[in-house]
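Chemist:
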Amino acid sequence: GENVEQHPSTLSVQEGDSAVIKCTYSDSASNYFPWYKQELGKRPQLIIDIRSNVGEKKDQRIAVTLNKTAKHFSLHITETQPEDSAVYFCAAKRDRGSTLGRLYFGRGTQLTVWP
Amino acid sequence: DTAVSQTPKYLVTQMGNDKSIKCEQNLGHDTMYWYKQDSKKFLKIMFSYNNKELIINETVPNRFSPKSPDKAHLNLHINSLELGDSAVYFCASSQLDRGNGYTFGSGTRLTVV
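Keeping their order, the protein sequence lines are chains A and B.
In terms of this note's numbering, the first sequence is numbered consecutively and its last residue is 282.
In terms of this note's numbering, the second sequence is numbered consecutively and its last residue is 170.
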């Protein structure tokens, strides 16, 4: 099956700085890559996603990049704010085959933004 | 109008007891999941049902038994609870053929004492 690795496990930044979280995946057939944000005591919520036919996607202060050849994708948060503090999860899945529909999650990154 | 709702939100129980967690989604999705999140925040898949049919059954003790009476509901029954079962359990749903992510429920924090 798919194996998703996520780094770093913890990340501390000053308010206003940028934060980057990186993930690698093992299954070249994976073609959908969502990112989830989980605030303390809350559910994971989808914040941005990217498909394998796109190299980059932006939504205000967050962006995701995908390198299919190297099998890695990254989350970029610019102008970080204290409310960005949360655990972020990357994930990967494929639309075909025996693992159809199954999301494979990274182990999460605890982002702390200091005011 | 909660999309994926779980009950109860908190559950404190003694070792050896049997308990159930219920999940319902009103998104019209055809697939539902149970995930266990431990203290290190790792999201571990346990089960998945597609149109009431079990499609994912990870290595989970057989004390855990899921049931899907219809595609909008997925329940989790746990027998003979152990201390190590303490965790947050998340239900999620998705539409399998749409190639999108999951929508998670708000979670059930289970504490076994």
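The C-beta atom is built at its ideal place from N, Cα and C for all residues, glycine as well.
All values derive from a computational prediction rather than experimental measurement.
#1: Which of the three DSSP states is assigned to A/D262 in this structure?
#2: Find the nearest neighbour of B/S77 within the set B/S137, B/V61 and B/N108, judged by alpha-carbon distance.
#3: With a CB to CB cut of under 8 Å and the five nearest residues on each side skipped, what residues in its chain are close to A/Q205?
#4: Please list, in chain order, the chain B residues whose beta carbon lies closer than 7 Å to that of A/V254.
#5: Consult DSSP for A/P249 and reduce its assignment to one of helix, strand or coil.
#6: Please list, in chain order, the residues of the region 79-97 of chain B that have any C-beta partner in chain A closer than 9 Å.
#7: Considering Cα atoms alone, identify which of A/S179, A/S193, A/S219 and A/G208 is closest to A/Q277.
#8: In angstroms, rounded to a whole number, what distance separates the CA positions of B/T165 and A/D226?
#9: When Cβ atoms are compared, which residues of the region 131-143 of chain B fall closer than 7 Å to chain A?
#10: Could you give the C-beta distance for A/G268 and B/T88, rounded to a whole number, given that I count them as a contact under 8 Å?
#11: Comparing the C-beta of A/F290 with each C-beta of chain B, is any distance below 8 Å?
#12: With a threshold of 8 Å between beta-carbons, can B/Y159 be considered close to chain A, or not?
#13: Is the separation between the beta-carbon of B/C148 and that of B/L167 shorter than 8 Å?
#14: Which residues in the same chain have their Cβ closer than 7 Å to the Cβ of A/V280, if we skip the five residues on either side of it in sequence?
#15: If we count the other Cβ atoms within 10 Å of its Cβ and call it buried at 16 or more, is B/N119 buried or exposed?
#16: Can you find a CB in chain A that lies within less than 8 Å of the CB of B/F104?
#17: Whole angstroms are fine: how far does the CA of A/A186 sit from the CA of B/S143?
#18: Would you check whether the ligand NAP has a heavy atom nearer than 7 Å to the C-beta of A/N198?
#19: Compare the C-alpha of A/C190 against each of A/P201, A/A196 and A/D184 and name the closest.
#20: Determine the direct distance from the alpha carbon of B/T116 to that of A/L244, and round the result to whole angstroms.
#21: Across which residues does DSSP place A/H239 in a beta bridge pair?
#22: Going by Cα to Cα distance, which pick from A/S195, A/S176 and A/G273 is closest to A/A237?
#23: In three-state terms, what does DSSP make of B/R166?
Modeler: Answer, in terms of the structure:
#1: In the first sequence, counting from the first residue as 1, residue 262 of chain A sits at position 95. Secondary structure at A/D262: coil, using DSSP grouped into helix, strand and coil.
#2: Here residue 77 of chain B is taken as the residue at index 20 of the second sequence, counted from 1. Scanning B/S137, B/V61 and B/N108 for the CA closest to the CA of B/S77 turns up B/S137.
#3: Here residue 205 of chain A refers to the residue found at position 38 of the first sequence. Apart from sequence neighbours up to five positions away, the residues of its chain that approach A/Q205 with a beta-carbon distance below 8 Å are P211, Q212, A253, V254, Y255, F256 and G275, ordered along the chain.
#4: Taking the first residue of the first sequence as 1, we reach residue 254 of chain A at position 87. Neighbours of A/V254 in chain B, taken as residues at a C-beta separation under 7 Å, are given in chain order as K98.
#5: Counting from one through the first sequence, the residue named residue 249 of chain A turns up at place 82. Helix.
#6: So the list reads T88, Y90, Y92, Q94 and K97, given in the order they occur along the chain.
#7: Here the question's residue 277 of chain A lines up with position 110 in the first sequence. Minimum Cα distance to A/Q277 is reached at A/S179.
#8: Within the second sequence, residue 165 of chain B is the residue found at index 108, counting from 1. Within the first sequence, residue 226 of chain A is the residue found at index 59, counting from 1. Spanning the two alpha carbons is a distance of roughly 31 Å.
#9: Look at the region 131-143 of chain B: it has no residue with a C-beta under 7 Å from a C-beta of chain A.
#10: What you label residue 268 of chain A is simply residue 101 of the first sequence in a count that begins at 1. What you label residue 88 of chain B is simply residue 31 of the second sequence in a count that begins at 1. Between A/G268 and B/T88 the beta-carbon gap is near 6 Å, inside 8 Å, which marks them as a contact.
#11: Only positions 168 to 282 of chain A appear in this structure, which leaves residue 290 of chain A out of reach.
#12: Start at 1 with the first residue of the second sequence, and residue 159 of chain B comes out as number 102. Under the 8 Å criterion on CB atoms, B/Y159 is classed as interfacial with respect to chain A.
#13: Taking the first residue of the second sequence as 1, we reach residue 148 of chain B at position 91. Taking the first residue of the second sequence as 1, we reach residue 167 of chain B at position 110. No, the Cβ-Cβ distance between B/C148 and B/L167 is not below 8 Å.
#14: Translated into the one-based positions of the first sequence, residue 280 of chain A becomes position 113. By the criterion of a C-beta distance shorter than 7 Å, A/V280 is surrounded in its chain by V180, E182, T247, Q248, P249, D251 and S252, once the five residues flanking it on both sides are discounted.
#15: Locating residue 119 of chain B in the second sequence gives position 62, where the first residue counts as 1. Exposed, because fewer than 16 other Cβ atoms sit within 10 Å of the Cβ of B/N119.
#16: Translated into the one-based positions of the second sequence, residue 104 of chain B becomes position 47. Closer than 8 Å: no.
#17: As a working note, residue 143 of chain B is residue 86 in the second sequence. As a working note, residue 186 of chain A is residue 19 in the first sequence. Each residue's alpha carbon lies about 32 Å from the other.
#18: Looking for the ligand NAP in the displayed structure turns up nothing, as the structure carries no ligands at all.
#19: For the purposes of this step, residue 190 of chain A is taken as residue 23 along the first sequence, with counting starting at 1. For the residues A/P201, A/A196 and A/D184, the minimum Cα distance to A/C190 belongs to A/P201.
#20: The count along the first sequence starts at 1 and reaches residue 244 of chain A at position 77. The count along the second sequence starts at 1 and reaches residue 116 of chain B at position 59. The sequence given here places Ile at residue 244 of chain A; Leu does not occur at that position. Cα-Cα distance, rounded: 36 Å.
#21: In the first sequence, residue 239 of chain A corresponds to position 72, counting from 1. According to DSSP, which records beta bridges pairwise, A/H239 is partnered with A/T191 and A/N234.
#22: Taking the first sequence and counting its residues from 1, the one referred to as residue 237 of chain A is at position 70. Residue A/S195 is the option with its Cα nearest to A/A237.
#23: Start at 1 with the first residue of the second sequence, and residue 166 of chain B comes out as number 109. In the three-state DSSP reduction, B/R166 falls in the strand class (E or B).
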